[in-house]
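*Asks:* For the sequence shown, position 230 (counting from the first letter as 1) is numbered 210 according to the numbering used here, and the numbering increases by one without interruption.
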Amino acid sequence: MEKLFGTDGLRAVAGQFPLDYPSTFTLGKSLISLLKEEGLEPKVIIGRDTRESGEWIEKALFLGIKNAKGEALSAGIIPTSALSFLTKKYHFSAGIVISASHNPYQDNGIKIFSSQGLKISEEWEERLEKAILSTPKKIKRKKIQIDHELSFSEIYMDFLKSKFSNVRLVKKIKIVLDCSNGASSVIAPQVFKDLGFGVEVLSNSPNGKNINDRCGSLYPQSLARKVVESRADIGIAYDGDADRAIWVDERGNILNGDHTLFVQSRFMKEKGCLRKNTVVATTMSNLGLEKALQKMGIELVRTQVGDKYVLEKMIEINSNLGGEQSGHTIFLDDCPTGDGILTSLKMLEVMTACNEPLSFLVRDFKEFPQVFVNVPVARKIDFSEFPEILKAVEEITNRLRGEGRLNLRYSGTEPLARVMIEGKDISEIESYARRLSEVIAHCLGK
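As structure tokens, this is what we get:
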């Protein structure tokens, strides 16, 4: 059976299978049927980001849910993590987020959370995939009026502010926010203003097409310039659904999720609340992070790429801090998903408690140079099927032994092979990356 759900839900160009109207209608209908089969109340909550396609996708889901005699409530435009939080808090049987995260506006996606605010199991995904693959080609569109429960945003903002309630600002901290014209555009500025921060905001005027458009966590260069120009203390950049956050320090240096894990693990260990002195990250996290944590007596446990795998490992080993280099950070004592705004508050808490600038807090973390290359592929065939690829990987790995790492994987959301190589010599690893990419393109390219 064709696999439709990737590492971060179902994702495609909006309007094309499996994100066309009939498939989306069927997904809503099938989810209600699945909940009934599991003995759960057929009641769900739905939220979305700012993409122009989000509105019709939401309507298609609502109609499918109604057709199956289920009930849905809309939280409107809201971050992914907020939907996870609300699903669990109000005991919905499932939560649906309509978002393609950091992808361009033409794409969209659907993520589904269980009643515990966790991504649904692969077994549930397979049952929904089976239903979508048998969808009739035509389903008549009907009109529907959806009323958004705006109180959900207020409840979520109150939750965020409560996580900062015990922190006392000893001085005014100035923040520059880049909301990526996405789901955080209204909520994030309001939260920080309510907490007493000085706030300057970029990219918070969504028009349905400008989400992630040369802004946000994928394009932090403009934010870096603005931080320096405004003499701000920190710059914060979110992606379209605000489940990830990256930083700019007061000097204009761009920092990523590895820096978050470094700062937070040290702070949590000093407070005695870092469980098992262990942090969970992925194979993409920098070797420099691993070595820096070792010096502090903290173990780094790696998983395959994807925040769902980070969370699974955290639960398995009873860890309460984990994340990805891309900016997803999970504080399991507070929320079971990455939450960019919550992570921002955690970083500001450290800055306040230490009374130090962000550049000082990351000074002991020295990154190894890394090279990333995306290679378009026609099909995602196991790399082990190609002796040429295996030979190139083995040769490069042997040359890097002890002084670097190679990671080769397929994207969970796009037709790409992702090559990551890190080591001490940038020109050397760039050469290795070019060579491996050429081999992959020869074997698997379009």
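We put the CB at the ideal spot given by N, CA and C, even for glycine.
1) When the distance is taken between beta carbons, is residue 212 closer than 8 Å to residue 156?
2) Which residues mark the beginning and the end of the beta strand (DSSP E) in which residue 157 is found?
3) Going by CA-CA distance only, name the one from 369, 77 and 235 that's closest to residue 204.
4) Given that a residue counts as buried once 16 or more other Cβ atoms are within 10 Å of its Cβ, and exposed if not, what is residue 168?
5) Let me know the secondary structure DSSP gives residue 13 once reduced to three states.
6) Residue 404 to residue 375, Cα distance in whole Å?
7) Can residue 337 and residue 250 be called in contact, C-beta distance under 8 Å?
8) Using 8 Å as the threshold, is the C-beta distance between residue 72 and residue 136 below it?
9) Output yes or no for whether 8 Å exceeds the beta carbon distance between residue 89 and residue 56.
10) Relative to the alpha-carbon of residue 424, which residue among 332, 393 and 362 has its alpha-carbon at the smallest distance?
11) If I follow the unbroken alpha helix (DSSP H) through residue 250, where does it start and stop?
12) Where DSSP assigns a beta bridge to residue 180, which residues make up the other side?
13) CB residue 216 to CB residue 225, shorter than 8 Å?
14) Based on the DSSP output, what are the partners of residue 120 in its beta bridges?
15) List, from N- to C-terminal side, the beta strand (DSSP E) runs of 3 residues or more that fit wholly inside the segment 274 to 305.
16) Identify, in the order they occur along the chain, each residue of the same chain with its Cβ nearer than 6 Å to the Cβ of residue 412, setting aside the five sequence neighbours on each side.
17) Could you name the residues of the same chain whose beta carbon sits closer than 6 Å to that of residue 357, not counting the 5 residues immediately before and after it, in chain order?
18) Provide the residue(s) that pair with residue 420 in DSSP beta bridges, ordered along the chain.
19) Find the nearest neighbour of residue 246 within the set 184, 306, 295 and 343, judged by alpha-carbon distance.
20) Which term fits residue 335, buried or exposed, when burial requires 16 or more other beta carbons within 10 angstroms of its beta carbon?
21) Give me the Cβ distance between residue 53 and residue 129, rounded to the nearest whole Å; I'm assuming they're in contact under 8 Å.
22) Measuring CB to CB, does residue 5 end up less than 8 Å from residue 119?
23) Between the C-alpha atoms of residue 240 and residue 111, what's the straight-line distance to the nearest angstrom?
*Replies:* With the given structure in hand:
1) In this structure, residue 212 lies closer than 8 Å to residue 156 by Cβ.
2) Taken as a continuous stretch (DSSP letters only), the beta strand (DSSP E) holding residue 157 covers 154 to 158.
3) If we check each option's Cα against that of residue 204, 235 comes out closest.
4) When all chains shown are included, residue 168 counts as buried.
5) In the three-state reduction of the DSSP assignment, residue 13 falls in the helix class.
6) When rounded, the distance between both Cα atoms is 17 Å.
7) Cβ atoms of residue 337 and residue 250: not closer than 8 Å.
8) No.
9) Using a Cβ distance threshold of 8 Å, residue 89 and residue 56 do not count as a contacting pair.
10) Of the candidates 332, 393 and 362, the one whose C-alpha sits nearest the C-alpha of residue 424 is 362.
11) Segment 237 to 251, the alpha helix (DSSP H) holding residue 250.
12) Under DSSP, residue 180 shares a beta bridge with 156.
13) Going by C-beta atoms, residue 216 is nearer than 8 Å to residue 225.
14) Residue pairing by DSSP places residue 120 in no beta bridge whatsoever.
15) Taken in chain order, the unbroken stretches of beta strand (DSSP E) that lie wholly in the segment 274 to 305 and span 3 residues or more are 279 to 283 and 301 to 303.
16) If we look at residue 412 and ignore the five residues flanking it on each side, its Cβ neighbours are 376 and 401.
17) Excluding sequence neighbours, residue 357 sits near 395, 397 and 424.
18) DSSP lists no bridge partner for residue 420.
19) For residue 246, the closest C-alpha among the options 184, 306, 295 and 343 is that of 343.
20) Label assigned to residue 335: exposed.
21) Correct: roughly 6 Å between the Cβ atoms.
22) A contact, by the Cβ cut-off of 8 Å.
23) Straight through space, the alpha carbons of residue 111 and residue 240 are spaced by roughly 40 Å.
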